[in-house]
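Quick note on numbering: our numbering labels position 20 of the sequence shown as 217, and the sequence is numbered without any gaps.
Input: a single structure, listed below in structure tokens.
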Amino acid sequence: MIEMLRLCPGDNMAQRTWLGSNLIRVGRLADALYFAQTWLSPGPADRGEIPLKGGTDFKAPSRDPMTDGRAKDLEFSCGSLLYTAALASFKLWGDSLQAQQYLRAASKANPNILMRILGRVTRPGMFRINCLVVQIWTLKRSDELNNSSRSLNGPEDAHDYLWLSQDLWMVPEVWNWANNDPGAKESVLKTCSRDGCGKRETKATQFKLCSGCRLVCFTL
């Protein structure tokens, strides 16, 4: 992946969505954070500039928190890079303001990822009951990537990110950190869609969700 980015810094093969997680997996936390910060920095992210060597000219990452305005802007960035930055920052420096900022921006950019992490949801399974096909969620890792067409930060991106990285987030200290961050958790808690109810989840994926539209949720 690093060599592909060095040969093609513009990343027309979308290696940047994978590399950060793999760097974390092999223990290169500082490189993972620097890589994510490079692609999320105001130049490449806002002006379409190409990072040097595709962000693989690894240097020491910044430890400084962002301004509130910059953290807000990142809510419209690539979710997988934001989750990479959040996880690497937390593993390097603990529950710092910077790690919180990345996690909260990530939860806004692609809440599908955090919802499945906090709900301990890993894959949909199909079962037939009385001639009806019923979808339930199991705790087994998905067998393959999602090859469907997609838009940025959609459920397909979430599926592929979690196929590679969900176990990194299920480590107790990491999961507890994410679950106890009120700013991030607020992005994934749903309100009951039943008229006049207004009840809100107290934990992720607590309510039943329509398997068709994936938008309507309700209490039993």
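Built from N, CA and C at the ideal position, the CB exists for glycine as well.
Check whether the Cβ atoms of residue i and residue j lie closer than 8 Å to each other.
i, j, result
"Lys-387", "Phe-404", "yes"
"Ser-304", "Ser-384", "yes"
"Val-371", "Phe-287", "yes"
How big is the Cα-Cα spacing for residue i and residue j?
i, j, result
"Glu-398", "Leu-406", "12 Å"
"Ala-268", "Ala-296", "11 Å"
"Glu-341", "Leu-361", "10 Å"
"Tyr-231", "Thr-253", "9 Å"
"Leu-220", "Thr-281", "9 Å"
"Leu-237", "Leu-289", "18 Å"
"Met-198", "Asp-265", "32 Å"
"Asp-392", "Thr-402", "20 Å"
"Pro-369", "Leu-284", "13 Å"
"Asn-315", "Asn-373", "At residue 315 the sequence reads Leu, which differs from the Asn that was named. Going from the Cα of Leu-315 to the Cα of Asn-373 covers about 9 Å."
"His-450", "Cys-410", "In the structure as shown, the chain begins at 198 and stops at 417. Residue 450 is therefore absent and cannot be evaluated."
"Asp-270", "Tyr-299", "11 Å"
"Asp-228", "Leu-412", "37 Å"
"Gly-207", "Gly-380", "33 Å"
"Ser-293", "Ala-375", "12 Å"
"Lys-256", "Glu-272", "25 Å"
"Gln-212", "Ser-218", "11 Å"
Apply the 10 Å Cβ neighbour rule to residue i and answer buried if 16 or more other Cβ atoms are within range, or exposed otherwise.
i, result
"Ile-247", "exposed"
"Gln-332", "Any answer about Gln-332 is weak, because its pLDDT of 41 lies below 50 and its placement is not dependable; what the coordinates show is given next. The residue is exposed, with fewer than 16 neighbouring Cβ atoms inside 10 Å."
"Thr-335", "For Thr-335, the pLDDT reaches just 41, beneath the cut-off of 50, and the residue's location in the model is therefore unreliable, although a value from the coordinates is still provided. Result: exposed."
"Asp-364", "exposed"
"Met-367", "exposed"
"Gly-291", "exposed"
"Ala-233", "buried"
"Ser-348", "exposed"
Check the C-beta distance from residue i over to residue j and give it rounded, since I have them as a contact under 8 Å.
i, j, result
"Lys-396", "Thr-416", "6 Å"
"Ser-277", "Thr-235", "Ser-277 to Thr-235, Cβ: 14 Å. No contact."
"Cys-394", "Cys-414", "Not really, about 10 Å apart at Cβ, beyond 8 Å."
"Lys-250", "Arg-203", "5 Å"
Any heavy atom of the ligand FAD closer than 7 Å to the beta-carbon of residue i?
i, result
"Pro-379", "With respect to the ligand FAD, the structure offers nothing, as it holds no ligand at all."
Inset, instruction - Indicate whether the contact test is met: 3 or more Cβ pairs, each with one atom in the region 303-316 and one in the region 257-264, closer than 8 Å. - result: no
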